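In what follows, a single structure is set out as structure tokens and then discussed.
Numbering (this note's numbering), first residue to last: 163 to 416.
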């Protein structure tokens, strides 16, 4: 099954319009959505484990759960496919953030609907004004220092030069595996230092616990067959170990 957020390489999409918009933010409200996401990242409970020194207990906020890029992606990608294709990029972000806040009990759907209706009727209405100096300081500290999903030393099952085959795990609500790579052979070009966690479990997809990550090289003929363009170069993909199985090595052994 192809998921709506993993259509790369799917045939029959020639008639769909392409948008080459290069601006990061097209509307002012998109900047606010990005800011909300950044603030949630800077207050996420996951920072207690990723980087020492974030004093989250000193920040006067009721936000006390984990929010990462994984949650943003999985929330947006859980949207109904028709809704996913209908909305713009930051509208998908807004959908994922809103669903998360309701799911975690920070607000109710009724409160969200009422606020939406209020600002539709009064677009210039003032937003709630709260003393957020300590929150701002924490978010700025996060933006300066960041965090990391790295968890301990690497324990790779594959080495540089190994041939691997991309697995075809069951489709779930979220994946980091491009659909067009499934079932294809590639060769390991690099093994990243350290194991890397993924902050949400994708169930049958295999992501969640820390594991090794690789850069895998795919030859164009392997991926596109007779449709390969002349002088096409190789494709490189960063893939979690759970997405790979052993192929033949350089000397032909398994």
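Using N, Cα and C, we set each Cβ at its ideal position, and we do this for glycine too. Every value quoted in this text rests on a predicted model; they were computed, and no experiment measured them.
- Sequence-distant partners of residue 210 (beyond 5 residues in either direction) whose C-beta falls short of 8 Å from its own C-beta, in its chain, are 216, 218.
- Taken in chain order, the complete alpha helix (DSSP H) segments of 4 residues or longer contained in the region 226-250 are 231-239, 243-248.
- 195 is the residue among 342, 318, 195 whose C-alpha sits nearest the C-alpha of residue 253.
- If you draw a 10 Å sphere on the C-beta of residue 188, you find fewer than 16 other C-beta atoms in it, and that means exposed.
- Judged by pairs of C-beta atoms under 8 Å, the region 361-369 touches the region 323-341, as three or more such pairs exist.
- DSSP, reduced to helix, strand and coil, places residue 316 outside both helices and strands of the structure shown, so it counts as coil.
- Distance from the CA atom of residue 198 to the CA atom of residue 348, rounded to whole angstroms, is 39 Å.
- Residue 223 and residue 282 have their alpha carbons spaced roughly 27 Å apart.
- Apart from sequence neighbours up to five positions away, the residues of its chain that approach residue 296 with a beta-carbon distance below 6 Å are 221, 222, ordered along the chain.
- If only complete runs of 4 or more residues are kept, the region 259-289 shows the alpha helix (DSSP H) at 271-283, in order along the chain.
- Residue pairing of residue 407 in beta bridges, as defined by DSSP: 327.
- With a contact defined as Cβ atoms closer than 8 Å, residue 407 and residue 329 qualify at about 5 Å.
- For residue 402, the uninterrupted beta strand (DSSP E) run begins and ends at 397-402, by DSSP.
- In this chain, the alpha helix (DSSP H) harbouring residue 197 covers 190-204.
- The three-state secondary structure of residue 252, taken from DSSP, is helix.
- Annotation: residue 342 is outside any alpha helix (DSSP H) and is labelled neither H nor E by DSSP.
- Using a Cβ distance threshold of 9 Å, residue 225 and residue 256 do not count as a contacting pair.
- If you check the CB distance, residue 355 and residue 322 do not come in under 9 Å.
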